[in-house]
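S.K.:
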Amino acid sequence: MSSTQSLPGFNVLFDAIATDLREHGYSIQNKALPEEWIDGLLRDMHMLGADQLKLAGVGRAQQHVANANIRRDAISWIESTEGEQGQWLAFSAQLQQHLNRSLMLGLFSFESHFAHYAPGAFYKTHVDAFKGQANRVLSVVLYLNPVWGFGDGGEMVLYSDTDPGTVLCTVSPHAGTLVVFLSEDFPHEVLPALRDRYSIAGWYRVNTSNTGRVDPPA
Ligand code: OGA
Ligand code: MN
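Residues in the sequence shown are numbered consecutively from 14, following my numbering.
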């Protein structure tokens, strides 16, 4: 599918996400994107070379060290505006616009990466942004696995912020499932995957630029 083709209508989906975010702070949508897009994104992931998928790091700026005790996924940032990656970025931009209009979130930019969890890989409980420090405000995760069964592990578990012992939901990384949540408000983890697990994780930022300082690119 070419990136010049217009996007199918996502308004019903976007409204559902906005309502969930307003009421609960998170949203889980099955079959959110066309199957052909998911297929294309997975194909693109399979074509990434070992030099393109890098072990993910944890921490900020200079302390950005790969920390195998916390996370074991390998990532590759999505830059292409071609094909299904372009469709994904166009979809993300449209969602951004919709949420800015409906929830006044002031989302300013978007970054996303492919993530591969090899068998045994996990991502321990974390938040994507620390209150008052970061400018990541909204997290999205899209799963690309056409086959995923009970017993394959790799679920994403979302916890309550106010009561970290409380599980809000457990999400199977099945192809087409889209999870959206407020980055600061939900500790979450990826349980050890027992087979190769493919996904995209992305974040919307607000603009924290002022006259003296311009945000560095993501
Ligand atoms: C992340 C993350 C969840 C998932 O990359 O920060 O929490 O299910 N990913 O892949
Ligand atoms: Mn996360």
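The C-beta atom is built at its ideal place from N, Cα and C for all residues, glycine as well. These numbers were taken from a predicted model, which means no experiment stands behind them.
(1) Starting from the C-beta of residue 166, find all residues in its chain whose C-beta is less than 7 angstroms away, skip the five residues before and the five after it, and write them out in chain order.
(2) Determine whether the beta carbon atoms of residue 171 and residue 194 lie at a separation below 8 angstroms.
(3) For residue 161, which three-state DSSP category applies?
(4) Considering Cα atoms alone, identify which of 153, 180, 197 is closest to residue 190.
(5) What does the shell around ligand 1 hold, if a residue joins when its beta-carbon is under 5 angstroms from any heavy atom?
(6) Helix, strand or coil for residue 75 per DSSP?
(7) Would residue 59 be called buried (16 or more neighbouring beta carbons within 10 Å of its own) or exposed?
(8) Could you tell me which of 180, 217, 218 sits nearest to residue 201, measuring between CA atoms?
(9) Using only CA atoms, which one of 118, 199, 185 lies nearest to residue 219?
(10) Using a Cβ-Cβ cutoff of less than 6 angstroms, which residues in the same chain neighbour residue 106 once the five nearest sequence positions on both sides are dropped?
(11) Would you say residue 149 and residue 216 are within 8 angstroms of each other, going by their C-beta atoms?
(12) Under three-state DSSP, which class holds residue 220?
(13) Where do the ends of the alpha helix (DSSP H) carrying residue 59 lie?
(14) Taking the CB atoms as reference points, tell me whether residue 128 and residue 197 lie closer together than 8 angstroms.
(15) Find out if the Cβ-Cβ distance for the pair residue 112, residue 31 is shorter than 8 angstroms.
(16) Starting from residue 106 and walking both ways along the alpha helix (DSSP H), at which residues does that stretch end?
(17) Could you give the C-beta distance for residue 66 and residue 97, rounded to a whole number, given that I count them as a contact under 8 angstroms?
M.R.: Here's the rundown:
(1) Within the sequence shown, the letter at position 153 stands for residue 166. Once the five neighbours on either side are set aside, the close Cβ partners of residue 166 are 204, 205, 206, 207.
(2) Here the question's residue 171 lines up with position 158 in the sequence shown. Here the question's residue 194 lines up with position 181 in the sequence shown. Residue 194 is positioned such that its CB atom lies closer than 8 angstroms to that of residue 171.
(3) For the purposes of this step, residue 161 is taken as the residue at position 148 of the sequence shown. Of the three classes helix, strand and coil, the one that applies to residue 161 here is coil, per DSSP.
(4) Reading the sequence shown from its first residue, position 177 is the one you call residue 190. Taking the Cα of residue 190 as reference, the smallest distance to any Cα among 153, 180, 197 is reached at 153.
(5) Output, sorted by chain position: 154, 169, 203, 212, 214.
(6) Locating residue 75 in the sequence shown gives position 62, where the first residue counts as 1. Caution applies to residue 75, whose pLDDT of 44 falls short of 50 and renders its modelled position unreliable; the value that the coordinates give is listed next. Three-state result, residue 75: helix.
(7) On the sequence shown, position 46 is the one that residue 59 refers to. Answer is exposed; the Cβ neighbour count stays below 16.
(8) To locate residue 201, count along the sequence shown from 1; it is residue 188. It is 180 whose Cα lies nearest to the Cα of residue 201.
(9) Counting from 1 along the sequence shown, the entry for residue 219 is found at position 206. The alpha carbon of residue 219 has as its nearest neighbour, out of 118, 199, 185, the alpha carbon of 118.
(10) The residue you call residue 106 lines up with position 93 of the sequence shown. The beta carbon of residue 106 is closer than 6 angstroms to none in its chain, skipping five residues each way along the sequence.
(11) Residue numbering aside, residue 149 sits at position 136 when the sequence shown is read from its first letter. Residue numbering aside, residue 216 sits at position 203 when the sequence shown is read from its first letter. A distance below 8 angstroms separates the beta carbons of residue 149 and residue 216.
(12) Taking the sequence shown and counting its residues from 1, one reaches residue 220 at position 207. Here residue 220 sits in coil by DSSP.
(13) Here the question's residue 59 lines up with position 46 in the sequence shown. Unbroken alpha helix (DSSP H) run through residue 59: 48-60.
(14) Stepping through the sequence shown from its first residue, residue 128 is reached at position 115. Stepping through the sequence shown from its first residue, residue 197 is reached at position 184. No.
(15) Taking the sequence shown and counting its residues from 1, one reaches residue 112 at position 99. Taking the sequence shown and counting its residues from 1, one reaches residue 31 at position 18. The answer is yes: Cβ separation under 8 angstroms.
(16) Locating residue 106 in the sequence shown gives position 93, where the first residue counts as 1. In the DSSP assignment, residue 106 falls within the unbroken alpha helix (DSSP H) covering 96-116.
(17) Residue numbering aside, residue 66 sits at position 53 when the sequence shown is read from its first letter. Residue numbering aside, residue 97 sits at position 84 when the sequence shown is read from its first letter. About 17 angstroms; that fails the 8 angstroms criterion.
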